Structures are given as C-alpha cells and as structure tokens.
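Below: the structure, in structure tokens.
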Amino acid sequence: MEELTIVTAFYNVGRTTRSNEQYLSYFDFWAGLKNKVIIYTTDDMKESILEIRKKHNLEDKTIIITKDLKEFDEQSLEKIKDTFNKYDQTLNRKNPRNIECNNPLYCYLMYLKPFFVVDAIERNLTGENVMWLDFGFNHGDEFFTNRTQFNFLLEKQEIINEEKIN
Numbered sequence: 001m002e003e004l005t006i007v008t009a010f011y012n013v014g015r016t017t018r019s020n021e022q023y024l025s026y027f028d029f030w031a032g033l034k035n036k037v038i039i040y041t042t043d044d045m046k047e048s049i050l051e052i053r054k055k056h057n058l059e060d061k062t063i064i065i066t067k068d069l070k071e072f073d074e075q076s077l078e079k080i081k082d083t084f085n086k087y088d089q090t091l092n093r094k095n096p097r098n099i100e101c102n103n104p105l106y107c108y109l110m111y112l113k114p115f116f117v118v119d120a121i122e123r124n125l126t127g128e129n130v131m132w133l134d135f136g137f138n139h140g141d142e143f144f145t146n147r148t149q150f151n152f153l154l155e156k157q158e159i160i161n162e163e164k165i166n
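Each step along the sequence shown adds one to the number in UniProt numbering, with nothing skipped, and position 126 is 126.
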C-alpha cells in the first residue's frame, strides 16, 4: 500500500457558532493519523496547530503553510462577494441560516479546496497520492466517537481507479 498525503486548511471565516478552539479540538480528533499532513492557515494559528501534531509525535510529518486567505484568488473572492450583494442566497433554501447562504468568505474557502491541493502538489510537498480532509472532520465526535481509532497510517486502497479522481 502507498501512503496518502493529507491536505487541509483552517481559516477563521467568521463563524458565530464555532470558535477557533472548537475547530482545533475537531482537528485534534484526527491529528493522530500518521500521514504527512499539509495545513494551510494563518500565522496566528500556526503554533496551536503544530502543538496538536506534536502531542501525537508527528511534527516531522507536518507542514504548515501560512498565507492570507484572500490572497489565493482575489478576483474570484470579489465575484463571490458581488454575487452575495446582488442576489439573496437565502431564497428557496431548505436551511437559509446555514453559513453557505450568508457568508461569502465561507463559500470562497470551499471554492479554494482544490487550490490548496494543487498548491501542495506544485510545491512538491506531496507524494503521488493526495487527499483532502476537512480540518473540522467529524465535528467533534458526531460520527466517530473514539479518537484512538485515528492512530494509523492512511494508505491508498487497492480499489482506487487510476483513470479517474476517486
């Protein structure tokens, strides 16, 4: 089996229901994965994130890239903001209070996930096999309840089809 490189990101996009500390606890849940993890974030979050990986003795398999979120694709961010200004994103939505209906910066962050992966690849930081894993994966024990289950090396599965994105 071949090891996967995990790419993730954490940026504060102004959520009112979850703090930075809450997201750090979500990350801590899966931070014991023994894979190389590349994390995009801001300068003020770098040390807190690294401390969590150090707790698992995985600091040598951790790369943290600090960059202002708005610098990745400023033109697209402006287009997303413009769309939010011109069109009410809450109309005809099942959950109009959800963040994706109210926060253009959150939508921009979701849009950037492939940018983060491509950037890590272009910097030659990844192996051949790369995956995205949300920093806030599992939202604090909602599905997986035992963090010790995340103490292994995540590897490429044999059923992966090399001819497509899996």
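For each residue, glycine too, the CB sits at the ideal point set by N, CA and C.
None of these values were measured; they are calculated from a predicted model.
Alpha carbon of residue i to alpha carbon of residue j, nearest angstrom
i, j, result
"residue 149", "residue 107", "31 Å"
"residue 83", "residue 22", "30 Å"
"residue 16", "residue 99", "9 Å"
"residue 70", "residue 77", "7 Å"
"residue 167", "residue 86", "As displayed, the chain neither begins before 1 nor continues past 166, which places residue 167 out of reach and without an answer."
"residue 41", "residue 128", "23 Å"
"residue 8", "residue 153", "16 Å"
"residue 112", "residue 60", "26 Å"
"residue 139", "residue 27", "9 Å"
Under the three-state DSSP convention, the category residue i falls into
i, result
"residue 99", "helix"
"residue 65", "strand"
"residue 41", "strand"
"residue 51", "helix"
"residue 2", "coil"
"residue 162", "coil"
"residue 122", "helix"
"residue 155", "strand"
Environment of residue i [buried if 16+ CB atoms lie within 10 Å]
i, result
"residue 132", "exposed"
"residue 4", "buried"
"residue 104", "buried"
"residue 36", "buried"
"residue 14", "exposed"
"residue 39", "buried"
"residue 118", "exposed"
"residue 10", "buried"
Continuous alpha helix (DSSP H) assignments of at least 4 residues falling wholly in the stretch 5 to 31: 20 to 30
Counting pairs of beta carbons, one from the stretch 28 to 42 and one from the stretch 54 to 64, are three or more of them closer than 8 Å? yes
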